Amino acid sequence: MSREFPIGLTPPDWLVRNLRPQQAAPLNWAALARAALCMALPLAVGLAVGQPAYGALASMGALSGVIGDTADAYRMRILNIAVPQLFGAVGVTLGSLVYGQGWLTVAVVTVIALLSGMISTIGAVSSVSGLLLLLNSVIGAGLPLPGAWWLTPVLMTGGGLLVLLLALLAWPLRSGVPERAAVAAAYRTVADLLTVSDTGDGEAYDRARHTVTQSLNQSYDLILARRARYRGRNRELTRMLAQLNAITPVVEAAPAVRLAARPLPSEVPTAVRHLADAIETGYTGPIGLHLPEPVNETGRAVDHALRHVAEVATSPDVDPRGIDDRLGRPAALGIRTARAARNVVLSANSWRYGIRLALCIGIAQALVSLVPVPRSYWVALTITFVLKPDFGSVFSRALLRALGTVAGLVVAATVLTLVPRGWWDVPVMMVLAPLIPALTPRGYGFQTAAITPVILLLSDVLNHQGTALLLPRLLDSLMGCAIALVAGYLLWPESWRTRVGDRLADAVADTAAYVELAFKGSADGADAAGRARMRRRLYRDLSTIRTEFQRALTEPPPTGRRAAAWWPLVVAVERIVDATTAARVRVRHGAPPPSPAEVDQVALQLRELATGVRESETLISVRTDLTGPPDSVLEPLRQEVAAARAIASPH
């Protein structure tokens, strides 16, 4: 018979959330094969020419390429792998130039940490680039590297570019396939949303809508990133953007279906999946939709939207002049680069994060300069990985880093004890390397457990210390985690006090503006495009807020408890946006529009709610005073606003 934990021994919720593996997509066998080949081949070549240390350095460069090999689209692979490699080459060069120079080393690495932290705030690629800049500078400053000063950056960059070369081999044969797959995946998430819209399961609907938002964000980012280079002249990209825009009315109809509480015919989600298959295969022929006759405004909205989608999805030619970028067309690369540089220099957030990272790295470098610590560069490496707020909660990453290191050391101890040094390292690397892309999607702790034995095996090739590496690695990792937690987490109150008020209040205020634009603007032209952009931006912002809250839930009290208290209000705001969209869909398909007084009343109540949320650290009571015709299209919206204001109450 199983026993339950006594109440005092029950693990807290925040710890359970941290240790629970994340749901991962099916294994990317191509990425696993690239990891095995790119990390084992340099070792084999180094052994063959009698320079195993050079092979280990190239494999280290390949490791960073393997970690960055996450994009499906080929152009994004170039950015994700090549750009960080260049920053890494600069980092290891600067680090090696100040190796063994005492306080000069501490000062240079600390300045690099400041720059790395500020660069990391720009975006995803710059975040990885900043990470690799600092990581490699720490390695160069803390490890005696063989050969001339230029050899190590060449070898490490060559290892990373080997990953990129293999990742791009199929590009001539599969150009555009990943982008079409992303658009098709977005369509399938919309089909799933329609399936659960009329089931009455609110949680399932919220999860499906969040998945749709994430999928659309990913697809738009992918298409618009490529379109920025072609300036709208590429037919295939224009067509895919038109397909994404075409599915938007279907997404907008989903909240109306949910509020109508009338089941959709099964033919509707089936038709969306059929269209997804056509998009993924590039089919441009005629496609038949077998849809029943609609019987109400919601049914007409869905029917009209699906027939428009079918027409756009299978059309071989699209006029680029008629395609509106629902998130706004990106500026040219030079303009975006200058804008990003200006924002980094002027942003208080970038300076704050850069100073936090520089403080922790400076403490680590000063500590290992004053106290003899074997393999001391591991302390700073640990801090660099842990202190990445854009990668997740700092507290959670420190905890998972420690646990993952212990698990990885068990594997490393087995390998270093049982496997003879030399050619046996090659097949062992072919087994260990694929575990990195296989386990990374499961969570940071799993990634750490996979990377640790690989790093130790490569370190052993460089310094031949065997199992003597294990205990220093554990101690240095624990020291790095402790420094990151104290100097990079506890000393910065905003890092552990959930700043929910401002972000959520901004979203509520934007929702009030969306309500006014939805019912006071014209039906066509600029107002229609503005509504579409505002709705997409709102859902994107709410998706980001939801992600931040979920991260905060993994923090220990009081942060996790405070985030849990605010969570229902996040969901309520999402439903307000849904109800607004649903009302707009009904008006567009025949329902009487609301009066301006009704719209003003709802907008006023939302702005009052935003003010209350912004001015409070905890939930406070907010007056609810909403009345109007019970048969108005705004009645469901008024109910959602009243529910949100009731949630913002201590009762």
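2 is the number of the first residue of the sequence shown in my numbering; add one for each residue after it. We put the CB at the ideal spot given by N, CA and C, even for glycine. Bear in mind the structure is a predicted one, so any value in this text is a computation, not a measurement.
Kindly indicate which three-state DSSP category residue i falls into: helix, strand or coil?
{"i": "E298", "result": "helix"}
{"i": "G69", "result": "helix"}
{"i": "A654", "result": "This structure cannot speak to residue 654, because the chain is shown only from 2 to 652."}
{"i": "H305", "result": "helix"}
{"i": "T212", "result": "helix"}
{"i": "Q551", "result": "helix"}
{"i": "R232", "result": "Unreliable placement is indicated for R232, whose pLDDT of 47 sits below 50; the coordinate value is still reported in the next sentence. In the structure shown, R232 sits in coil (DSSP, three-state: anything other than H, G, I, E or B)."}
{"i": "R424", "result": "One point to set straight first is that residue 424 is Trp, not Arg, in the sequence displayed. Looking at W424 - three-state DSSP - the assignment turns out to be coil, as it is neither helix nor strand."}
{"i": "E599", "result": "helix"}
{"i": "G467", "result": "helix"}
{"i": "H291", "result": "coil"}
{"i": "G409", "result": "helix"}
{"i": "W150", "result": "coil"}
{"i": "H590", "result": "coil"}
{"i": "N29", "result": "coil"}
{"i": "R263", "result": "coil"}
{"i": "I577", "result": "helix"}
{"i": "E616", "result": "coil"}
{"i": "Y221", "result": "helix"}
{"i": "P270", "result": "helix"}
{"i": "A141", "result": "The sequence given here places Gly at residue 141; Ala does not occur at that position. Looking at G141 - three-state DSSP - the assignment turns out to be helix."}
{"i": "Q23", "result": "coil"}
{"i": "P631", "result": "coil"}
{"i": "L388", "result": "coil"}
{"i": "V258", "result": "helix"}
{"i": "D326", "result": "Its pLDDT being 48, under 50, D326 is placed unreliably by the model, and the measurement read from it follows with that caveat. Three-state result, D326: coil."}
{"i": "Y540", "result": "helix"}
{"i": "P373", "result": "coil"}
Please report the Cβ distance between residue i and residue j, rounded to the nearest whole angstrom; I am assuming they are in contact, meaning their Cβ atoms lie under 8 Å.
{"i": "A359", "j": "A142", "result": "The pair is not a contact, with the Cβ atoms about 14 Å apart (cut-off 8 Å)."}
{"i": "V273", "j": "V191", "result": "6 Å"}
{"i": "R21", "j": "L167", "result": "Their Cβ separation, rounded to whole angstroms, is 33 Å, which puts R21 and L167 out of contact at 8 Å."}
{"i": "V516", "j": "T581", "result": "5 Å"}
{"i": "A314", "j": "A247", "result": "7 Å"}
{"i": "A644", "j": "A573", "result": "6 Å"}
{"i": "G56", "j": "V46", "result": "6 Å"}
{"i": "L134", "j": "G89", "result": "7 Å"}
{"i": "G409", "j": "T449", "result": "6 Å"}
{"i": "G66", "j": "Q86", "result": "7 Å"}
{"i": "L265", "j": "V303", "result": "7 Å"}
{"i": "L44", "j": "V407", "result": "With a Cβ gap of about 26 Å, L44 and V407 do not count as contacting."}
{"i": "E180", "j": "L223", "result": "6 Å"}
{"i": "G481", "j": "T383", "result": "3 Å"}
{"i": "L635", "j": "P595", "result": "5 Å"}
{"i": "L433", "j": "L458", "result": "7 Å"}
{"i": "A513", "j": "A604", "result": "4 Å"}
{"i": "Q466", "j": "T111", "result": "Rounded, the Cβ-Cβ distance is 28 Å, inconsistent with contact."}
{"i": "P154", "j": "T106", "result": "P154 to T106, Cβ: 18 Å. No contact."}
{"i": "R357", "j": "G118", "result": "7 Å"}
With a threshold of 8 Å between beta-carbons, can residue i be considered close to chain B, or not?
{"i": "L225", "result": "In the displayed structure, chain B is absent; only one protein chain is listed."}
Using 10 angstroms around the beta-carbon of residue i, count the other beta-carbons present and answer buried if the total reaches 16, otherwise exposed.
{"i": "E616", "result": "exposed"}
{"i": "W567", "result": "buried"}
{"i": "P597", "result": "exposed"}
{"i": "E312", "result": "exposed"}
{"i": "N344", "result": "exposed"}
{"i": "D477", "result": "buried"}
{"i": "D326", "result": "A caution first: D326 carries a pLDDT of 48, below 50, which makes its placement in the model unreliable, though a value can still be read off. Answer is buried; the Cβ neighbour count reaches 16."}
{"i": "P373", "result": "exposed"}
{"i": "W497", "result": "At W497, the pLDDT of 46 sits below 50, so the modelled position is not reliable; the number obtained from the coordinates is stated separately. That one is buried."}
{"i": "R587", "result": "buried"}
{"i": "S267", "result": "exposed"}
{"i": "T415", "result": "exposed"}
{"i": "R263", "result": "exposed"}
{"i": "S316", "result": "exposed"}
{"i": "P558", "result": "exposed"}
{"i": "Q606", "result": "buried"}
{"i": "N350", "result": "exposed"}
{"i": "R422", "result": "exposed"}
{"i": "P435", "result": "buried"}
{"i": "S198", "result": "buried"}
{"i": "W379", "result": "buried"}
{"i": "L170", "result": "exposed"}
- Ordered list of alpha helix (DSSP H) runs contained in the segment 41 to 121, each at least 4 residues: Within the segment 41 to 121, the complete alpha helix (DSSP H) runs of at least 4 residues are 53 to 69, 75 to 78, 84 to 98 and 104 to 120.
- Task: Report the residue ranges of all alpha helix (DSSP H) runs contained in full by the segment 152 to 219; include only those spanning at least 4 residues, in chain order.
- Result: The qualifying runs are 152 to 168, 172 to 175 and 178 to 198.
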